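When you line the sequence shown up against my numbering, it's residues 2 to 208, in that order. For each residue, glycine too, the CB sits at the ideal point set by N, CA and C. Remember, predicted model here, so these are calculated numbers, not experimental data.
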Amino acid sequence: MSNERTPPNDDDQAVEPTVAEYHRADASKFPETPAGQQATVEGMAAAKGWTLRRPSTAERIADDLNRRGVPSSTATGALYEDILNLFNKFERERAAERAAQGDTNPYDLEPFEEVHELARFYEDVRDEPKTLDRFLDNLAADLDLADVKAIRTAAVAVAEAMGRIALAAREKGKSAERIADETGYTASRITQFVREEKQRRARNSDQ
Numbered sequence: 002m003s004n005e006r007t008p009p010n011d012d013d014q015a016v017e018p019t020v021a022e023y024h025r026a027d028a029s030k031f032p033e034t035p036a037g038q039q040a041t042v043e044g045m046a047a048a049k050g051w052t053l054r055r056p057s058t059a060e061r062i063a064d065d066l067n068r069r070g071v072p073s074s075t076a077t078g079a080l081y082e083d084i085l086n087l088f089n090k091f092e093r094e095r096a097a098e099r100a101a102q103g104d105t106n107p108y109d110l111e112p113f114e115e116v117h118e119l120a121r122f123y124e125d126v127r128d129e130p131k132t133l134d135r136f137l138d139n140l141a142a143d144l145d146l147a148d149v150k151a152i153r154t155a156a157v158a159v160a161e162a163m164g165r166i167a168l169a170a171r172e173k174g175k176s177a178e179r180i181a182d183e184t185g186y187t188a189s190r191i192t193q194f195v196r197e198e199k200q201r202r203a204r205n206s207d208q
């Protein structure tokens, strides 16, 4: 692609180009596989110094909810659903391949990024029955049994660490009410967490 510029003016300053030429790309040379297409896009982005971020589960669910306007009972809706399922399947299989090769972050996610966005989206839609149904349908399709176990186990771990978390926040000057607001617990439960953690520390120091 080339641009034609007019000569500099009397102030020796070039003006913006007024004519642009372009050449149509040869479609026969485009990659045909999803992996090839993704590699091409990533390569172009890297050449420009850009960083691509994979949309999270919540973002993909949100996009689907925003764009889906055709009932799945119609031929068009069924086709859309099939295509969406194929892309989700490809994404999971590709991540599984990367994990098998030793990649500990096969989806290229920031720590806890997807959990935060998933929780925020759920809070936004939980009072809207129809939207909530679609959200849960997509979530069920996106999670397998191993994902469910991992999330439930992580939730138990967070609950067990909550005393440490609450006391650390109190020691930084946050009130029980502030911690409760940020974590979803009640202020009285936060106070209990802090008291239990202090007792645990006292017992450990006596040993």
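request  = Return helix, strand or coil for D128, following the three-state DSSP convention.
outcome  = If DSSP states are grouped into helix, strand and coil, D128 belongs with coil.
query = For Q200, does the three-state DSSP call read helix, strand or coil?
reply = In the structure shown, Q200 sits in a helix (DSSP, three-state: H, G or I).
key: Distance, L137 Cα to R127 Cα   = Each residue's alpha carbon lies about 10 angstroms from the other.
inquiry  = Please return the same chain residues whose Cβ sits closer than 6 angstroms to the Cβ of K199, not counting the five positions on each side in sequence.
reply    = Closer than 6 angstroms at Cβ, skipping near neighbours: no residue.
inquiry  = If the criterion is Cβ atoms closer than 7 angstroms, does the pair G174 and F194 meet it?
reply    = Cβ distance not < 7 angstroms, so G174 and F194 don't count as in contact.
key: Residue range of the alpha helix (DSSP H) that includes D148   = D148 -> alpha helix (DSSP H) spans 146-172.
ask   = Would D207 be called buried (16 or more neighbouring beta carbons within 10 Å of its own) or exposed?
value = Exposed: under 16 other Cβ atoms inside 10 Å.
task = Excluding the 5 residues preceding and the 5 following E171 in the sequence, name in chain order all residues of the same chain whose CB lies nearer than 6 angstroms to its CB.
result = Sequence inspection shows Arg at residue 171; the Glu mentioned does not correspond to that position. Counting only Cβ-Cβ distances below 6 angstroms, and skipping sequence neighbours, we find V195.
key: Straight-line gap, E94 to A100 (C-alpha atoms, nearest Å)   = About 10 angstroms.
query = The alpha helix (DSSP H) spanning D182 covers which residue range?
reply = 177-184 is the extent of the alpha helix (DSSP H) around D182.
inquiry  = Out of L168, E129, N205, which one is the CA nearest neighbour of K188?
reply    = It should be noted that the sequence gives Ala, not Lys, for residue 188. Scanning L168, E129, N205 for the CA closest to the CA of A188 turns up L168.
request  = Please confirm whether I191 and A203 have their CB atoms less than 7 angstroms apart.
outcome  = Not a contact, by the Cβ cut-off of 7 angstroms.
Closest Cα partner of D83 within the set K131, E183, D148, A142 = Of the candidates K131, E183, D148, A142, the one whose C-alpha sits nearest the C-alpha of D83 is A142.
key: Pairwise C-alpha distance: L80 and N4   = Summary for N4: the model assigns pLDDT 45, below 50, so the residue's position carries little reliability; its value from the coordinates is reported in the next sentence. When rounded, the distance between both Cα atoms is 43 angstroms.
ask   = Looking only at C-alpha atoms, which of E197, R201, N205, A160 sits nearest to G185?
value = If we check each option's Cα against that of G185, A160 comes out closest.
query = When the Cα atoms are used, what is the spatial distance from E178 to K131?
reply = In this structure, the alpha-carbon of E178 lies about 33 angstroms from that of K131.
message = Using a 10 Å radius around the Cβ and a threshold of 16 neighbouring Cβ atoms, would you call F122 buried or exposed?
response = Buried, by the Cβ-count rule.
key: Collapsed DSSP secondary structure at Q193 in the structure displayed   = Three-state DSSP puts Q193 in a helix.
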